[in-house]
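Visitor: Here it is: the structure, laid out below.
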Amino acid sequence: MNRDNAVFDLIEKEHLRQVRGIELIASENFVSEEVMRAMGSCVTNKYAEGLPGHRYYGGCEVVDQIERLAQDRLKELYGAEWVNVQPHSGAQANAAVFLACLKSGDKFMGLNLSHGGHLSHGSQVNFSGLMFNACCYNVNQETGMVDYEELEKTALAEQPKLIIAGASAYSREWDYERIRKVADQIGAIFMVDMAHPAGLIAAGLLKNPLKYAHIVTTTTHKTLRGPRGGVILLGKDFDNPWGYTNNKGEVKKMSQLLDSAVFPGIQGGPLEHVIAAKAVAFGEALTPAYKEYAKQVQKNAAVMAKAFMDKGYNIVSGGTDNHCMLVDLRNKFPELTGKLAEKALVAADITTNKNMVPFDTRSPFLTSGLRFGTPAITTRGAKEDLMLEIVEMIDTVLCNPENDANIKAVREKVNSIMMEYPMFAW
Ligand SMILES: Cc1ncc(COP(=O)(O)O)c(C=O)c1O
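Here it is in structure tokens:
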């Protein structure tokens, strides 16, 4: 077999980038060798439109078992009554919920994108904002935490049919119970997108939203440390018909509506190789070793946030309950944009991303903030002492972001430290 040098040389370059650097993007992680093997296996060759036992293709006996294993493990992990493991991504999982619960033009409510929300929760450039009528709630300007009073007022005034909790850049625990009460007052469906903290929830370190929400979605590749993908889960309300009808006027259970929304609604054949890798990752997440990992992710984030604050950085909401934090650069470096800060850190092999902060005065292309997270660096074995060293190095770069010699010195230190933290990567 000839090696495709163009592609495999680039894969090797990416491998080196990952091994040498400090990965602090809050939504990324490093999967295990077994997760990666499942993804790169022969299962990728199989078409399996439909669900286990009800496929549109022959030869699905084995992938049926794989998919059932993924379903059973996921149910056990979160105490779910029903799951669908086929969404190709988190945005696809959310799209399926919209298709199952709303009609085009219906109103729904999510956290403001510029306050930490996700594109698929109502951004005007996303299907959610283009096809549906989005309204939003915000974080409180003083506390940086979700303003539940405002959420309730807006919900009562706007009467959305769906309320979404969950975020891409929010470091605090959610009051799901309070949002469910608001949803019940107006007869809305309450969905939680737990994509970011899913791993900490699986480990029992944060509240399980399945106890409060009608529907829960998540990605599988962030704190959960699985392959890139999405899933949908239902708790006690799984067979509640809620009076929703399909386009033939028949009343369907929410689980049936969601299954049909995933396929044939928004997807064709499921990625059974990725579903195999999801099954492996869910199996890993059920082990005591994973719980220890998740605890360390949370501890590392708390230590990192405190170290930033000790150096005079402003952390939105004053700390973190989960795996991530949002640094508002404006008080310490009024002239420094998130864009330039990200560029300088990446040049020092410290990978992070620029992020809007609540009530940001800069555009999403510049931003005044940086988002940091500890899932990936913790997978490499980092403990609290390395968090202190990392904040020290970040500070050195940000104090002098255009000084190449300064950046080079930090990069050499980063590369030498990371040799002590081996990882599986291919
Ligand atoms: C809260 C939340 N939901 C959904 C997604 C979308 O996931 P994906 O990139 O897999 O579509 C993200 C991605 O970062 C996210 O943060």
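For the numbering used here, count along the sequence shown from 1 and bump the result up by 784.
C-beta atoms are modelled at their ideal positions from N, C-alpha and C, and glycine is treated no differently.
These numbers come from a predicted model, not from an experiment.
Could you tell me which whole beta strand (DSSP E) segments of length 3 or greater appear in the segment 813-883?
Guide: 866-868
Visitor: Please report the distance separating the alpha-carbon of A1045 from that of P1054.
Guide: 13 angstroms
Visitor: From this set, K937, S952, A951, which residue's C-alpha is nearest R962's C-alpha?
Guide: K937
Visitor: Between G894 and G906, is the Cβ-Cβ spacing less than 7 angstroms?
Guide: yes
Visitor: Should G874 be listed as close to ligand 1, given that the test is whether its C-beta is under 6 angstroms from any heavy atom?
Guide: yes
Visitor: Which residue comes first and which comes last in the beta strand (DSSP E) that contains Y921?
Guide: 917-921
Visitor: Please classify N1199: does DSSP put it in a helix, a strand, or coil?
Guide: helix
Visitor: In three-state DSSP terms, what is R962?
Guide: helix
Visitor: With 16 as the cutoff for other CB atoms within 10 Å, does N1106 come out buried or exposed?
Guide: buried
Visitor: With DSSP as the reference, label L1070 as helix, strand or coil.
Guide: In this structure, L1070 counts as coil in the three-state DSSP scheme.
Visitor: Considering only the beta carbon of each residue, do T1162 and F814 sit closer than 7 angstroms?
Guide: no
Visitor: Between L977 and ligand 1, is there a pair consisting of the residue's CB and a ligand heavy atom that are separated by less than 6 angstroms?
Guide: Note on residue identity: the sequence assigns Asp, not Leu, to residue 977. Yes, the beta carbon of D977 sits closer than 6 angstroms to at least one heavy atom of ligand 1.
Visitor: For R956, which of helix, strand or coil comes out of DSSP?
Guide: coil
Visitor: Using only alpha-carbon positions, find the residue among L835, I1178, K1095, M1171 that is nearest to D848.
Guide: L835
Visitor: Below 8 angstroms on the Cβ atoms is my guess for K1006 versus A982; work out the distance and round it to an integer in Å.
Guide: Contact holds; Cβ gap of about 7 angstroms.
Visitor: With respect to 6 angstroms, is the separation between the Cβ of G983 and the closest non-hydrogen atom of ligand 1 below this value?
Guide: no
Visitor: E1186 CB to nearest chain C CB: under 7 angstroms?
Guide: The chain inventory of the structure shown lacks chain C, comprising one protein chain alone.
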